[in-house]
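Just below is one structure, and these are the notes that go with it.
What follows is the structure, encoded as structure tokens:
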């Protein structure tokens with residue numbers, strides 16, 4: 001199964017490089033179902049894998065001046081704060097057995113995977129729906145765009161802290177629709193935000209788990225190769241055209257996780 005896991009790691013990187021998000025949503029299922037890690041450890045590993053691969057992927061966008069660092073800070077600061085709070089104070093409060101219904105026990109791992117599956121379904125909807133940009137100028141809250149973006153950054157931080165996903169599927173629409181950033185620059189900025197969020201989240205909570213650096217380095221290296229490939233493909237392929245197909249795949253994966261954890 002590990003061979004399939006390494007192959008999937010390449011796809012994670014390609015997705016991040018090509019569409020700036022979405023790939024990280026696959027990292028935890030790959031770690032749990034193909035590498036056999038428990039859900040909590042998988043979220044920790046996911047932060048590092050997504051963070052380091054996104055950091056590498058952001059370099060090509062930085063060279064092309066397709067990164068808005070001011071926006072990255074608007075999103076990144078509240079995200080980082082809530083990732084730290086979630087990883088270090090909220091997750092430890094979740095008991096090993098959350099609830100028991102007859103013979104079915106919802107453990108902490110199952111709860112995290114169910115939350116993750118819900119996030120995957122939400123991500124798939126965002127990817128499948130037609131790309132309709134809001135006309136922000138006509139909205140009453142135009143002056144509060146930055147505040148709304150920071151608020152969404154906080155939500156992304158909580159989700160990233162809980163399940164180890166980068167949240168690119170939420171970040172990019174917010175950058176485009178709320179802050180009116182062009183798509184290419186939104187992708188580059190998203191990669192910077194994801195890398196900051198994920199790496200700081202990882203290093204702030206890594207002492208809570210035992211890290212297998214050999215495995216983590218191997219998976220991360222393969223994901224980095226994938227993101228380099230994805231960045232090169234983005235010059236020839238419009239990532240927006242691939243998002244719906246990828247969204248359907250994410251939807252199927254999310255439903256599979258729910259069925260597997262609840263019924264089996």
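Numbering (my numbering), first residue to last: 1 to 264.
Glycine is no exception: its CB is placed at the ideal position from the N, C-alpha and C atoms.
These numbers were taken from a predicted model, which means no experiment stands behind them.
In the structure shown, residue 106 falls within a strand segment according to DSSP collapsed to helix, strand and coil. By alpha-carbon distance to residue 110, the top candidate from 38, 155, 165 is 38. If you compare the alpha carbons of 25, 34, 62, 73 with that of residue 193, the shortest gap goes to 73. Just measuring C-alpha positions, the residue of 185, 210, 100 sitting nearest residue 61 is 185. In the DSSP assignment, residue 98 falls outside any alpha helix (DSSP H) and within the unbroken beta strand (DSSP E) covering 97 to 101.
Of all alpha-carbon atoms in 213, 149, 30, 226, the one lying nearest the alpha-carbon of residue 11 is that of 226. In terms of Cα proximity to residue 157, the closest of 195, 121, 125 is 195. Taken atom to atom, the span from the alpha-carbon of residue 153 to that of residue 183 is near 18 Å.
Here residue 229 is near residue 14, since their CB atoms are less than 8 Å apart. Only residues of its own chain outside the window of five on either side were considered, and among them 28, 163 have a CB closer than 6 Å to the CB of residue 116, listed in chain order.
Annotation for residue 46: 27, 28, 164 place their beta carbon closer than 6 Å to its own, counting only its chain and skipping 5 residues before and after. In this structure, residue 199 sits near residue 55, with a CB-CB distance shorter than 8 Å. Judged by DSSP in its simplified three-state form, residue 67 adopts coil rather than helix or strand. Distances from the CA of residue 88 to each of 258, 260, 203 were compared; the closest alpha carbon is that of 203. Around residue 205, the same chain offers 44, 87, 88 as residues with beta carbons nearer than 7 Å, after the five sequence neighbours per side are excluded. When the Cα atoms are used, residue 210 and residue 35 turn out to be separated by approximately 16 Å.
Per DSSP, the unbroken alpha helix (DSSP H) holding residue 160 starts and ends at 145 to 163. Nearest in C-alpha terms to residue 40, of all of 105, 120, 208, is 208. The beta carbons of residue 119 and residue 32 sit no closer together than 8 Å.
A check of alpha carbon separations from residue 65 across 177, 188, 103 identifies 188 as the nearest.
If you draw a straight line from the Cα of residue 160 to the Cα of residue 3, it is about 27 Å long. In the structure shown, residue 55 falls within a helical segment according to DSSP collapsed to helix, strand and coil. Annotation for residue 222: 6, 9, 10 place their beta carbon closer than 6 Å to its own, counting only its chain and skipping 5 residues before and after. The beta carbons of residue 219 and residue 49 sit about 6 Å from each other, so the pair counts as a contact at 8 Å. Distance from the CA of residue 151 to the CA of residue 201, rounded to the nearest whole angstrom, comes to 18 Å. For residue 220, the uninterrupted alpha helix (DSSP H) segment begins and ends at 213 to 233.
When only Cα atoms are considered, residue 69 and residue 51 end up about 17 Å apart. Here residue 148 has 178 as same chain residues with Cβ atoms under 6 Å from its own Cβ, once five neighbours each way along the sequence are excluded.
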